[in-house]
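For reference, the structure is listed below as structure tokens.
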Amino acid sequence: MDVWWASSNAAHEGLLPLLDPVERGRHEATVRPADRARFLVGCALSRLVLGELLGLPPARVPLRRVCPRCGGPHGKPRLDTPGSSVPYDFSVTHSGEIVGVAVCRGAEVGLDVEEADGPVDVPLAARTALAAPELAALNALPPPDRKAAFLRTWTRKEAVLKALGAGLTLSLRELRLSPPDAPPRVLSWPPHLSSRLPTTAMADLTVKGLTPGAHPAAVAVTGANGTRLDVRVLHHGGG
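Per my numbering, the very first residue in the sequence shown carries number 4; after that it's consecutive.
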């Protein structure tokens, strides 16, 4: 599995021809320049990577986005290749100026990154995202250590939900993971889903070099054989 990282500062007009008409429309309709740059780089990076794998020009990579809740064109992007013998899945994430794309063959993948120094109300976010044992363990840490520990758990959970395609429709508090200083794994699923969910494997990542500092990230796959992931991390210069 490959994980590619790029900076949203790489956004420029020359990337627009890589997008399809729907993506170009969304790009044009996005008001905030920072959001527009992240969207453009995420779409372009996805298409460059997938195009290389499929032997297609980036603009011709067939993608679809369908929200599982409302049917709108803003769900997890997927390859639109019915009956294809090339079972690639991919996931896009961004935080601040960091943009990432993970591509996996033979399993569903989810990727998440968070800026280490980004604004987050840890006590509030922890109450909405952590299971009771996770919250108790977080509160037992020295206060200076809590943000990093929370962001590590948050990125893991987000990666799992993205791999499932469930987004935030699955309660984060019902998904219990191993402690942030231990190898990542699922300890328990929501009771009503535990018998129907596939095997999930995770890996912790740290993003350096795109912006100052070291930023936590995680990648997860569902339907994997085994619980260990081999991840190759690459950086795209955006030229």
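In this text, a Cβ means the ideal position worked out from N, Cα and C, and glycines have one as well.
Among the candidates the options, whose CA atom is the shortest distance from the CA of residue i?
i: V6; options: E31, C73, A14 and S94; result: S94
i: V106; options: V125, P80, P24 and A32; result: P80
i: P186; options: L175, L208, V125 and S98; result: L208
i: K160; options: R188, V34 and D23; result: R188
i: E100; options: A40, P20 and S181; result: A40
i: F42; options: L53, E117 and A13; result: A13
i: L119; options: H30, L164 and W157; result: For the record, residue 119 in the displayed sequence is Ala; it is not Leu. Among H30, L164 and W157, the Cα nearest to that of A119 is on W157.
i: A223; options: T203, R235, L213 and D233; result: T203
i: L133; options: G45, P193 and P90; result: P193
i: R179; options: T214, L138 and K211; result: L138
i: P136; options: C46, L18 and P183; result: P183
i: A206; options: R155, L144 and P122; result: R155
i: V3; options: P145, A151, A162 and D38; result: A query on residue 3 cannot be resolved here, the shown segment of the chain reaching from 4 to 242 and no further.
i: H195; options: E177, G212, K211 and V210; result: E177
Around the C-beta of residue i, are 16 or more other C-beta atoms found within 10 angstroms, so that it is buried, or is it exposed?
i: T225; result: buried
i: A221; result: buried
i: V64; result: buried
i: H97; result: buried
i: P20; result: exposed
i: P219; result: buried
i: C46; result: buried
i: D243; result: Any question about residue 243 goes unanswered here, given that the chain covers just 4 to 242.
i: R235; result: exposed
i: A162; result: buried
Is residue i close to the ligand SAH? I mean its beta-carbon at under 7 Å from any heavy atom of the ligand.
i: A221; result: In the structure shown, the ligand SAH is absent, as is every other ligand, since no ligand is present at all.
According to DSSP, what are the bridge partners of residue i?
i: A111; result: It should be pointed out that residue 111 corresponds to Glu in this sequence rather than to Ala. In the DSSP output, where bridge partners are listed per residue, E111 has T225.
i: R179; result: S191
i: S10; result: I101
i: T96; result: G103
i: M205; result: A223
i: R67; result: R81
i: D5; result: V106 and R235
Have a look at residue i and residue j and give me their C-alpha separation to the nearest angstrom.
i: L171; j: H238; result: For L171, the predicted model reports a pLDDT of 47, less than 50, meaning its position is unreliable; a value from the coordinates is still stated below. Roughly 28 Å between the two C-alpha positions.
i: P126; j: G58; result: 47 Å
i: D233; j: T84; result: 26 Å
i: G109; j: L167; result: 14 Å
i: E31; j: F153; result: 35 Å
i: A9; j: V25; result: 22 Å
i: V102; j: P215; result: 14 Å
i: A28; j: L114; result: The residue you asked about is not Ala; residue 28 is Gly in the sequence shown. Their Cα atoms are separated by approximately 25 Å.
i: A128; j: G17; result: 38 Å
i: L164; j: L173; result: 7 Å
i: P147; j: P90; result: 43 Å
i: L144; j: A217; result: 20 Å
Going by the CB atoms, is the gap between residue j and residue i shorter than 8 Å?
i: L22; j: V104; result: no
i: M4; j: V112; result: yes
i: R149; j: L141; result: yes
i: P61; j: R50; result: yes
i: S181; j: L190; result: yes
i: V34; j: S11; result: no
i: R68; j: G78; result: yes
i: L56; j: L66; result: no
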